[in-house]
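Taken in order, the sequence shown gives residues 3 to 61; the numbers are from my numbering.
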Amino acid sequence: METLEDKLKYEIARELGLLEKIKKVGWAGLTAKETGRIGGMITVKKKLMKRKLEKEKEL
Numbered sequence: 003m004e005t006l007e008d009k010l011k012y013e014i015a016r017e018l019g020l021l022e023k024i025k026k027v028g029w030a031g032l033t034a035k036e037t038g039r040i041g042g043m044i045t046v047k048k049k050l051m052k053r054k055l056e057k058e059k060e061l
């Protein structure tokens with residue numbers, strides 16, 4: 003079963019143009035810079051989602 007993080011990871015990899023590379027060489031074939039970008043963007047998206055949920059609860 004895919005987790006939210008897995009879905010975000012693939013979505014961001016696609017946005018960064020890394021999905022084809024991942025399909026060819028796997029996640030281990032990415033550079034530290036590439037994985038760091040993906041991880042950073044996951045963190046940002048999760049924070050935004052959390053804030054959105056908190057605002058919706060306030061209403």
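All C-beta atoms, glycine included, are put in the ideal place defined by N, C-alpha and C. These numbers come from a predicted model, not from an experiment.
Non-local beta-carbon contacts of Ile24 in its own chain, meaning distances under 6 Å to residues more than five positions away in sequence, involve Ala15 in chain order. Membership of Met3 in any alpha helix (DSSP H) is not indicated, and neither H nor E is assigned to it by DSSP. In terms of Cβ geometry, Leu10 and Lys47 form a close pair [threshold 9 Å]. The DSSP-derived three-state label of Gly31 is helix. Distance from the Cα of Arg39 is smallest, within the candidate group Glu4, Leu6, Tyr12 and Glu60, for Tyr12.
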